[in-house]
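> Take -17 as the starting number for the sequence shown in our numbering and just add one per residue. Beta carbons: idealized from backbone N, C-alpha and C, even for Gly.
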Amino acid sequence: MQYREKLKKADKIVIKVGSSTLTYSNGRLNFNRLEKLARVLTDLRNQGKKVILVSSGSIVVGNEKLGLTKRSEKLPEVQAAAAIGQAVLMKIYQKFFEEYNQLVAQILVTKDVMDNSIRKNNAENTFNTLVDMGIIPIVNENDTVATDEIEFGDNDTLSATVASLIKADILILLSDIDGLYTNDPRKDSSANIISIVNGISREIEEVASGAGTTFGTGGMITKISAAKICNESGVDMVIANGKDPHIIYDILSGEDLGTLFLA
Ligand code: GLU
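Take a look at the structure:
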């Protein structure tokens, strides 16, 4: 529990929401959840915290605009849907955040931003300037120039890259799972959530690659990759269920929820 205590002091916070958290099972946006998310994040901002949101959803929103009931098999068409959906998604976020008088900004990045010192420095400066101005950056992968997160990951790795880039205190991955389980909870009723992971051991990787732990688009494997990036960058990471965005408050008040990967 002492490890959870330090989360109370987290100042720079990255929250990642995946497409499954933002939508109903029929692929339509869950406005109730989006609205709660905007309220909670603005409230954290009002507490004086620096908040960054990494949000997927451009493809599902783009598909909805195009009247498609399922994702295209062709990658360029998925990218096109993302280009259409990203603008609409930002309009929706703006509407919800405006309710609480909170300004937001759009940042589209790719993880290779870390490989070039000039681009890395530019990105870091933009992030820091925005959060110092009290603005909440809303980040997504630039799906026109990269397809990594479209193909596999749903922004898990990207959010860890962002958390590392801006030297965040914590990354909270909100997903459709409660955390990392000891076994597949659908098959094994005695499976428990692992509360704290101190270093990514081979055992943890094996648990994560278990057949039953591939919930969500990215599954657990990309979440473990994200944890590794966070580990190396001194960022704590929590995987928790995003069905009620109020869980962010509980995590930040040190409650034993989800799985905490210690930096
Ligand atoms: N950038 C993508 C999006 O916003 C990632 C998520 C996905 O693959 O659905 O939709």
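1) For the alpha helix (DSSP H) that F13 lies in, which residues bound it at each end?
2) Taking I176 as the reference, give the member of D170, R184 and D160 with the closest Cα.
3) In terms of residues, what are the limits of the alpha helix (DSSP H) holding M72?
4) Tell me which residues pass a beta-carbon proximity test against the ligand GLU: closer than 6 Å to any heavy atom, given in chain order.
5) Take L26 and list the residues in its own chain whose beta-carbon comes closer than 6 Å to its own, dropping the five residues that flank it on each side.
6) Might you give, ordered along the chain, the residues of its own chain that have their beta carbon closer than 7 Å to the beta carbon of L239, omitting 5 neighbours on each side?
7) Does the segment -14 to -1 touch the segment 55 to 65, meaning 3 or more C-beta pairs lie closer than 8 Å?
8) Report yes or no: do three or more beta-carbon pairs, one from the segment 62 to 78 and one from the segment 98 to 113, lie closer than 8 Å?
9) Within this structure, are the beta carbons of D218 and D151 separated by less than 8 Å?
10) Pairs of beta-carbons, one from the segment 79 to 98 and one from the segment 124 to 134, closer than 8 Å: are there three or more?
11) Between the alpha carbons of T196 and L147, how many angstroms are there, rounded?
12) For E237, name the three-state secondary structure that DSSP assigns.
13) To the nearest whole angstrom, what separates the beta carbons of F78 and A142, a pair I think is in contact under 8 Å?
14) Which two residues bound the contiguous beta strand (DSSP E) that contains N213?
15) Using only CA atoms, which one of A(-8), L50, I178 and N122 lies nearest to Q29?
Based on what the coordinates show:
1) F13 to N28
2) D160
3) Counting along the chain, the unbroken alpha helix (DSSP H) around M72 starts and ends at L57 to E81.
4) S1, S38, G39, S40, I41, A64, N122, E123, D125, E131, I132, D136, N137 and T199
5) V33
6) A222, I229, D232 and I233
7) no
8) no
9) yes
10) yes
11) A caution first: T196 carries a pLDDT of 43, below 50, which makes its placement in the model unreliable, though a value can still be read off. Near 27 Å, if we compare the C-alpha coordinates of L147 and T196.
12) coil
13) In fact, because the Cβ distance is near 25 Å, the residues do not count as touching under 8 Å.
14) Looking at the DSSP string, N213 is not in any beta strand (DSSP E); the run it does join, the alpha helix (DSSP H), is G201 to S215.
15) Q29 has its Cα closest to that of A(-8), out of A(-8), L50, I178 and N122.
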